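Student: Handing you this structure, nothing more for now.
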Amino acid sequence: MISSSTLYAPSQDRAFDLAVPSFLGEGDGLRLDEAFDPRLFLEQATLAVRMLAEHLGKRAIEGLDSKDPEDLLRTVRQLLSDSGEGAGETGAGEVRVSGPSSMHRKLAAILDLYLKSGIQVYSPGYMGRQFSGAVPLASVVDLVGAIACQPSSFYEAGPLPNVAEEIMADEFGQLIGWDKGSFAMVTTSGGSLATLTAMLSARNHRYADAWTGGMPSADGAQPAIAVSEDVHYSVHRSAGILGIGTDQIVRLPVDGARRICLESLGPALDAAAERGLDVFCMVASAGTTCVGAVDPLDALAEAAGAREMWLHVDGAHGGSLIVSDELRPRLLGIEKADTFSIDAHKTLFMPASCTLLFYKDREKSFGAFDQEASYVFEKESNPLTALDRAKQNFECTKRPMIMNLWTTWALYGRELFAEKLQYLCGLAEQAYEVLAERPDFETIHRPQTNILCFRYTPEKLPPEMAEGFQVAIRDRIREDGRFFISKVEIDGQGALRVVFMNHRITMNHFRLLLDAIEAHGQDLVHERWVRKSPLENRRVS
Ligand SMILES: *Cc1c(COP(=O)(O)O)cnc(C)c1O
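Residue numbering for the sequence shown follows numbering that gives the first Met the number 0, beginning at 0 and increasing consecutively.
Written as structure tokens, this is what we have:
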């Protein structure tokens with residue numbers, strides 16, 4: 000009954016031999032118990048894993064295959080209704096599949112489309128964003144988690160994830176320099192939710208009645224927060240959600256390296272107080288999204304302490320430098336923050352999402368949420384509820400995200416993460432040097448992590464072209480499809496942004512990228528390109 004067949008063969012020269020046993024006959028209708036049959040799972044998983052292994056093995060320089068949304072919608076609609084017989088002709092591609100089951104053909108077509116559309120994060124052409132190819136082992140564990148289905152807010156449902164969270168907290172606590180038992184670490188679904196949770200803790204700490212009574216009325220000092228100009232937008236959202244109001248965000252000026260400027264800090268906070276604001280929380284960044292700048296955490300912690308402000312350090316991007324002995328000094332003072340976060344799905348190379356939120360004072364980690372819910376919470380703590388995280392995190396059903404990180408840590412050690420981060424930060428420094436040597440490029444900042452922003456500014460660039468020029472180059476690079484980079488505004492002016500997340504990127508790739516930027520930039524100059532509305536530009540291109 001079990002047969003081997005070539006189920007999936009990509010169109011390239013080499014046939015990809017996929018031996019998948021199939022217990023499903025051709026044209027079978029699928030019954031409920033068959034959908035849950037472990038043999039079917041084995042077939043589907045084998046198919047997927049073989050395709051993934053090939054995907055991981057690709058070495059081509061690829062950015063983004065910008066599919067037309069209309070085409071993609073049509074393909075997806077077709078795949079929804081297609082029996083699988085014609086999966087090869089759906090536009091999903093060049094998939095050539097043959098084998099015993101039309102269902103497997105359809106699955107192969109869908110997976111092929113999935114892997115080929117969108118950003119190719121494993122390619123050295125991908126230098127654009129902060130997410131990246133995950134450590135494959137972590138993805139394997141993620142699959143196990145998806146099947147074991149042990150959500151990790153409650154020990155009862157997920158004993159191992161809850162214990163692993165405790166163990167990983169200790170691992171990080173040691174690196175931070177905190178005493179065992181004095182601090183807390185909570186996993187949460189993304190950096191944005193970590194920001195919200197930390198700011199909620201800060202708010203409840205200062206305004207103890209806010210949880211039940213709402214934010215204080217405006218008669219007294221207005222609750223406010225202070226943030227760097229470059230802070231991530233999740234802070235603004237949180238201010239809106241928490242009833243602080245985005246008008247009550249005090250913007251702290253940044254210095255030439257785009258770190259919160261210490262000289263301006265005192266005057267800015269004094270001015271806020273004079274305006275009747277009670278700045279109860281300051282949000283600093285360990286790796287800003289724009290340029291990867293790390294604020295002067297040590298001095299900010301001191302200032303926050305002196306003014307009785309809660310200090311939250313948004314380390315979604317760069318907090319992970321803590322794992323490297325070489326890079327950790329860049330986070331000097333992070334141990335003094337009341338809270339800080341790390342997006343493990345960014346710079347610890349985990350599948351999304353996996354965020355770690357740290358509290359210096361364990362007690363304060365229970366200050367964000369306060370609920371009674373008899374169906375889950377026990378009135379009194381007991382050994383089976385002592386490790387529950389539900390009182391510290393927003394989620395009720397929470398992905399056991401820590402299992403991916405813990406398993407990878409257990410098998411490969413912290414060194415894997417440290418090595419990769421050191422390489423990527425080193426790459427950014429080298430790239431800066433390379434840029435500085437090319438006269439047509441303008442450097443903007445020395446990289447403090449693995450993000451580097453710059454501009455292509457050829458001498459002959461007509462002034463009327465300057466507006467939108469960098470973005471236009473980025474768009475051309477994206478259309479070209481070999482590289483994928485992003486763009487950002489710095490001091491109101493567009494800039495190109497490169498994020499090194501892939502250790503397969505070499506300086507050679509970066510030089511190729513600069514050549515491509517130069518070529519596209521020159522094309523734009525020759526075309527006498529000027530900025531039009533995005534729609535017009537789209538029509539032209
Ligand atoms: C990415 C990022 C966030 C948001 O994190 P998500 O996990 O995407 O929600 C917050 N802060 C900084 C500095 C970031 O770079």
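Built from N, CA and C at the ideal position, the CB exists for glycine as well.
Quantities reported herein were computed from a predicted structural model and do not represent experimental measurements.
(1) Using 9 Å as the threshold, is the C-beta distance between V497 and I450 below it?
(2) Would you mind reading off the limits of the beta strand (DSSP E) that contains L452?
(3) Compare the Cα-Cα distances from I224 to each of E307, A494 and F153 and report the closest residue.
(4) In whole angstroms, what separates the C-alpha of L404 from that of S319?
(5) Following a CB-centred definition, is D141 positioned closer than 8 Å to any heavy atom of ligand 1?
(6) Which residues does DSSP pair with W309 in a beta bridge?
(7) Rounded to whole angstroms, what is the Cα-Cα separation between L71 and D64?
(8) Would you list the one or two residues that DSSP bridges to A494?
(9) What is the DSSP secondary structure of D64, counted as helix, strand or coil?
(10) Would you mind sorting R30 into buried or exposed? The rule is 16 or more other CB atoms within 10 Å of its CB.
(11) Give a yes or no on contact between the stretch 436-456 and the stretch 486-505, applying the rule of three or more CB pairs nearer than 8 Å.
(12) Which ranges would you report for the alpha helix (DSSP H) in the stretch 283-352 if only whole runs of at least 4 residues count?
(13) DSSP puts F440 in a beta bridge; with which residues?
(14) Nearest to D313 by alpha carbon, out of D36, L296 and K397?
(15) Just verifying my parser: in three-state terms, what is the DSSP assignment at M402?
(16) Compare the C-alpha of R250 against each of V529, K363 and H231 and name the closest.
(17) For D294, does the count of other Cβ atoms within 10 angstroms reach 16, so buried, or fall short, so exposed?
(18) What I want to know is whether the C-beta of G62 ends up closer than 8 Å to one or more non-hydrogen atoms of ligand 1.
(19) Going by Cα to Cα distance, which pick from F348, R361 and R128 is closest to T407?
(20) Short check: CB of I484 to CB of G62, under 9 Å?
(21) For the alpha helix (DSSP H) containing V541, list its first residue and its last residue.
(22) State the DSSP-derived secondary structure class of R250, mapped to helix, strand or coil.
(23) Thinking just about the alpha-carbon of each residue, which of D514, L410, S191 and P160 is nearest to the one in H316?
(24) Can you give the Cα-Cα distance for A270 and I248, rounded to whole angstroms?
(25) Let me know the secondary structure DSSP gives T505 once reduced to three states.
(26) Let me make sure I understand the geometry here. Which of A256, C353 and H204 has the alpha-carbon closest to that of F279?
(27) What would DSSP say about I243, mapped onto helix, strand or coil?
(28) Could you compute how far the alpha carbon of K57 sits from the alpha carbon of P37?
(29) Suppose the cutoff is 6 Å on Cβ atoms and the five residues either side in sequence are ignored; what does the same chain contact list for D12 look like?
(30) Go to M198, then tell me how far its alpha helix (DSSP H) extends in each direction, as first and last residue.
(31) Determine the closest residue to Y358 out of F153, M198 and A207, with distance taken between C-alpha atoms.
(32) Quick one: does the C-beta of G176 sit closer than 8 Å to a heavy atom of ligand 1?
(33) In whole angstroms, what separates the C-alpha of D522 from that of R475?
(34) CB S151 to CB E164, shorter than 9 Å?
(35) Measuring only the C-alpha atoms, how far is R454 from Q492?
(36) Should A292 and R258 be called a contact, given that it needs their Cβ atoms to be closer than 9 Å?
Tutor: In brief:
(1) On the sequence shown, position 498 is the one that residue 497 refers to. On the sequence shown, position 451 is the one that residue 450 refers to. A contact, by the Cβ cut-off of 9 Å.
(2) On the sequence shown, residue 452 is found 453 positions in, with the first residue counted as 1. Contrary to the premise, residue 452 reads as Cys rather than Leu in this sequence. First-last of the beta strand (DSSP E) with C452: I450 to Y455.
(3) Here residue 224 refers to the residue found at position 225 of the sequence shown. Among E307, A494 and F153, the Cα nearest to that of I224 belongs to E307.
(4) Position 405 of the sequence shown, counting from 1, holds the residue named residue 404. Position 320 of the sequence shown, counting from 1, holds the residue named residue 319. Roughly 12 Å between the two C-alpha positions.
(5) Start at 1 with the first residue of the sequence shown, and residue 141 comes out as number 142. Distances taken from the Cβ of D141 to the heavy atoms of ligand 1 include none shorter than 8 Å.
(6) Walking along the sequence shown from the start, residue 309 turns up at place 310. Paired residues: C280.
(7) One-based indexing of the sequence shown puts residue 71 at position 72. One-based indexing of the sequence shown puts residue 64 at position 65. Between L71 and D64, the C-alpha separation is close to 12 Å.
(8) Residue numbering aside, residue 494 sits at position 495 when the sequence shown is read from its first letter. BP columns for A494 point to V487.
(9) Here residue 64 refers to the residue found at position 65 when the sequence shown is read from its first residue. Residue state, collapsed to three classes: strand.
(10) As a first step, residue 30 must be located in the sequence shown, where it is residue number 31. Within a 10 Å sphere around the beta-carbon of R30 sit fewer than 16 other beta-carbons, which makes this residue exposed.
(11) Touching, yes.
(12) 296-305 and 343-346
(13) For this step, residue 440 is matched to residue 441 along the sequence shown. Beta-bridge pairing links F440 to Y455.
(14) Here residue 313 refers to the residue found at position 314 of the sequence shown. Its Cα nearest to that of D313, the residue L296 stands out among D36, L296 and K397.
(15) Counting from 1 along the sequence shown, the entry for residue 402 is found at position 403. Helix, per DSSP.
(16) One-based indexing of the sequence shown puts residue 250 at position 251. Answer by Cα proximity: H231.
(17) Your numbering for residue 294 matches position 295 in the sequence shown. By the 10 Å Cβ count, D294 comes out buried.
(18) Start at 1 with the first residue of the sequence shown, and residue 62 comes out as number 63. No, ligand 1 has no heavy atom inside 8 Å of this Cβ.
(19) As a position in the sequence shown, residue 407 is number 408, starting the count at 1. For T407, the nearest C-alpha among the options comes from F348.
(20) In the sequence shown, the residue the question calls residue 484 occupies position 485. In the sequence shown, the residue the question calls residue 62 occupies position 63. Against a cut-off of 9 Å, the Cβ pair of G62 and I484 comes out as a contact.
(21) Residue numbering for the chain in the displayed model covers 0 to 540; residue 541 lies beyond these limits and cannot be assessed.
(22) Working through the sequence shown from its first residue, we reach residue 250 at position 251. Strand, per DSSP.
(23) The count along the sequence shown starts at 1 and reaches residue 316 at position 317. Cα-wise, what sits closest to H316 is S191.
(24) Sequence index remark: in the sequence shown, residue 270 carries index 271 (1-based). Sequence index remark: in the sequence shown, residue 248 carries index 249 (1-based). Straight-line Cα distance between these residues: approximately 13 Å.
(25) Here residue 505 corresponds to residue number 506 of the sequence shown, with the count starting at 1. T505 falls in the coil class under three-state DSSP.
(26) One-based indexing of the sequence shown puts residue 279 at position 280. Ranking the options by Cα distance to F279, first place goes to H204.
(27) Here residue 243 corresponds to residue number 244 of the sequence shown, with the count starting at 1. Residue state for I243 is assigned as coil, using DSSP reduced to three classes.
(28) As a first step, residue 57 is located in the sequence shown; it is residue number 58 there, counting from the start. As a first step, residue 37 is located in the sequence shown; it is residue number 38 there, counting from the start. About 30 Å.
(29) Sequence index remark: in the sequence shown, residue 12 carries index 13 (1-based). At D12, the pLDDT of 36 sits below 50, so the modelled position is not reliable and the matter cannot be decided from this model.
(30) Position 199 of the sequence shown, counted from the first residue, corresponds to residue 198. From DSSP, the alpha helix (DSSP H) with M198 extends over G190 to R205.
(31) One-based indexing of the sequence shown puts residue 358 at position 359. The candidate whose alpha carbon is nearest that of Y358 is M198.
(32) Taking the first residue of the sequence shown as position 1, residue 176 is located at position 177. Checking every heavy atom of ligand 1 against the Cβ of G176, none is found closer than 8 Å.
(33) As a working mapping, residue 522 is identified with position 523 in the sequence shown. As a working mapping, residue 475 is identified with position 476 in the sequence shown. So the two alpha carbons sit approximately 10 Å from each other.
(34) For the purposes of this step, residue 151 is taken as residue 152 along the sequence shown, with counting starting at 1. For the purposes of this step, residue 164 is taken as residue 165 along the sequence shown, with counting starting at 1. Contact: yes.
(35) As a first step, residue 454 is located in the sequence shown; it is residue number 455 there, counting from the start. As a first step, residue 492 is located in the sequence shown; it is residue number 493 there, counting from the start. For R454 and Q492, the distance between alpha carbons rounds to 10 Å.
(36) Counting from one through the sequence shown, the residue named residue 292 turns up at place 293. Counting from one through the sequence shown, the residue named residue 258 turns up at place 259. In this structure, R258 lies closer than 9 Å to A292 by Cβ.
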